[in-house]
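Peer 1: Quick one: the structure is below, questions incoming.
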């Protein structure tokens, strides 16, 4: 179903004769192609929903993710985290306008790994341009909000110790070098799309890339002082819950908006998204209750994020029962992944981006092969005939996205380390806290 | 005059305030504080990681009173703040050299 995302692009990109017979990709690509040619008229219902969904997805980052992350750090670093999220949102928007949209979602003139350059600075755009049955302006904005939240997710890996200049340089370069190509592979008509990969709303494009890059960056940046045994706990779990709840609401725009229409697919996406989030929250809570003796607020809302990240790639293909299975898997596997990254690998991926988003995104991307398959579990259908065939391409997609993320993150960090003479703040500044040291402001004062 | 400084469990603040009001104490200063004694700290667990909390939240109540009622005030605070569990707190009694009401300039016990 992810193929329905950019109908008019597929009309130009996919040659049915290449893809092999009996492949559902062909049908999925042909129907929107004909529709686009015959009746390229605006549907106000779909447009209204895409406008709404766009606002919901921006709301996920500002202020949802910012508060979620802000509450998890020490009080002396809360503003720096809010600042990271806000500044990345602004920067990613401008990059999306300049080159991002063009490289991610417009035809790559024969290339299957990166989009074209004709839409740089949106020079091709007119107010009347349509993407299928809604304005291209809305499509650009909707996809822009994804390009905003993805680098913002990585913030969780480097909080409390990174230079602000390094945040800006890394996020900007990462967006162009990692996000844009992977977005093109999956949603822009690139090689993964041609092979019928299923990634409805960004298990590969958003969560796998962010998670793998977060782990790489955290390993290169080094641990916070005191990691792992002498750290201060989250300074405001209430803020964490507030932000997480905004993420949940915003995620309806993220997943149901990825149907690119106000239709049955959007409705099902919303239902399965919600069920997965609720299940993962409860399962995480129960695991934590059993392991530590107490069910915690930070735990239950982290389970929610894991459930949402995991259903994301599958939200266009699974039914309610599949969503429950995905949510339960996310609650258990992501919980143990947190301990694995921090205790076994010893990497201070501070706010568990890799364990929650990376593992969740990949898990959902793999599970959709079976749970999306039309069987007793109520799947809506997959792009290949057997779920095993689908699983192979799903795994290829994850591997390719992770490989590019790790390699590109390594190179970007090496380059910006030279530009910023080290991406980490001084020990003194880390002790003082980034709010004062980097931004000259204070999150909390006594009077 | 004596300054009676009581470090108590935060949830006992209302009880202590009410008990002091009942014996005619008309003013006090309350300070939110952190610290530890024999009770030590505790641990908190977030996402499976354990954090050691050395300083526990406490409330400090300061009351300045004439010498003759100091014992009664102390007795009242002890009675109201006691849970008989570790961490109930401590009371320090400090001699006060002078007291001045800023508005009128009155000095001594009349300023209390």
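Protein chains in written order, with this note's numbering: chain A, 34 to 480; chain B, 234 to 345.
In this text, a Cβ means the ideal position worked out from N, Cα and C, and glycines have one as well.
Source: prediction; values computed, not measured.
Would you call residue 141 (chain A) buried or exposed, if buried means 16 or more other Cβ atoms sit within 10 Å of its Cβ?
Peer 2: Around the CB of residue 141 (chain A), 16 or more other CB atoms lie within 10 Å, so the residue is classed as buried.
Peer 1: Quick one: list the residues of chain A neighbouring residue 264 (chain B), beta-carbon separation under 7 Å, in chain order.
Peer 2: Here the premise fails: no neighbours, minimum Cβ distance about 11 Å.
Peer 1: Does the Cβ of residue 291 (chain B) have 16 or more other Cβ atoms within 10 Å, making it buried, or fewer, making it exposed?
Peer 2: buried
Peer 1: Scan the region 378-406 of chain A for residues whose Cβ lies nearer than 8 Å to a Cβ of chain B and list them as they occur along the chain.
Peer 2: 385
Peer 1: Just the Cα atoms here: how many angstroms apart are residue 455 (chain A) and residue 130 (chain A)?
Peer 2: 30 Å
Peer 1: Which residue comes first and which comes last in the alpha helix (DSSP H) that contains residue 308 (chain B)?
Peer 2: 303-314
Peer 1: Just the C-alpha distance for residue 336 (chain A) and residue 116 (chain A), rounded to the nearest angstrom, thanks.
Peer 2: 25 Å
Peer 1: Tell me the DSSP bridge mates of residue 325 (chain B)?
Peer 2: B:238
Peer 1: Using a threshold of 7 Å, state whether the C-beta atoms of residue 241 (chain A) and residue 348 (chain A) are closer than that.
Peer 2: no
Peer 1: Verify the CB distance criterion: does residue 335 (chain A) have a CB-CB separation below 7 Å to chain B?
Peer 2: yes
Peer 1: Among A:82, A:185, A:75, which one has its Cα closest to the Cα of residue 296 (chain A)?
Peer 2: A:82
Peer 1: In three-state DSSP terms, what is residue 108 (chain A)?
Peer 2: Three-state result, residue 108 (chain A): helix.
Peer 1: For residue 365 (chain A), name the three-state secondary structure that DSSP assigns.
Peer 2: In the structure shown, residue 365 (chain A) sits in a helix (DSSP, three-state: H, G or I).
Peer 1: Only counting the same chain, and skipping five residues up and downstream in sequence, which positions put a Cβ closer than 8 Å to that of residue 324 (chain B)?
Peer 2: Only 237, 238, 239, 240, 307, 310, 311 meet the Cβ criterion.
Peer 1: Excluding the 5 residues preceding and the 5 following residue 380 (chain A) in the sequence, name in chain order all residues of the same chain whose CB lies nearer than 7 Å to its CB.
Peer 2: 248, 251, 252, 374, listed in sequence order.
Peer 1: Please list the partners that residue 375 (chain A) has in chain B, where partner means a Cβ-to-Cβ separation under 7 Å.
Peer 2: 282
Peer 1: Under three-state DSSP, which class holds residue 350 (chain A)?
Peer 2: Annotated three-state conformation of residue 350 (chain A) is coil, per DSSP.
Peer 1: As an exercise, report each continuous alpha helix (DSSP H) stretch of at least 4 residues that is fully enclosed by the region 134-179 of chain A, in chain order.
Peer 2: 134-138
Peer 1: Short check: CB of residue 268 (chain B) to CB of residue 287 (chain B), under 7 Å?
Peer 2: no
Peer 1: Output the boundary residues of the beta strand (DSSP E) element that contains residue 298 (chain B).
Peer 2: From DSSP, the beta strand (DSSP E) with residue 298 (chain B) extends over 289-298.
Peer 1: Is it buried or exposed, residue 451 (chain A), if we count other Cβ atoms within 10 angstroms and call 16 or more buried?
Peer 2: So residue 451 (chain A) ends up on the exposed side.
Peer 1: By the three-class DSSP mapping on this structure, what secondary structure does residue 323 (chain A) have?
Peer 2: helix
Peer 1: For the beta strand (DSSP E) containing residue 275 (chain B), name the first residue and the last one.
Peer 2: 275-279
Peer 1: Please confirm if residue 333 (chain B) has its CB atom under 7 Å from at least one CB of chain A.
Peer 2: no
Peer 1: Going by Cα to Cα distance, which pick from A:236, A:214, A:225 is closest to residue 425 (chain A)?
Peer 2: A:225
Peer 1: If contact means a Cβ-Cβ distance below 9 Å, which residues of the region 267-292 of chain B contact chain A?
Peer 2: Within the region 267-292 of chain B, contact with chain A at the beta-carbon level (separation under 9 Å) is assigned to 277, 278, 279, 280, 281, 282, 283, 284, 285, 286.
Peer 1: Using three-state DSSP, classify residue 264 (chain B) as helix, strand or coil.
Peer 2: strand
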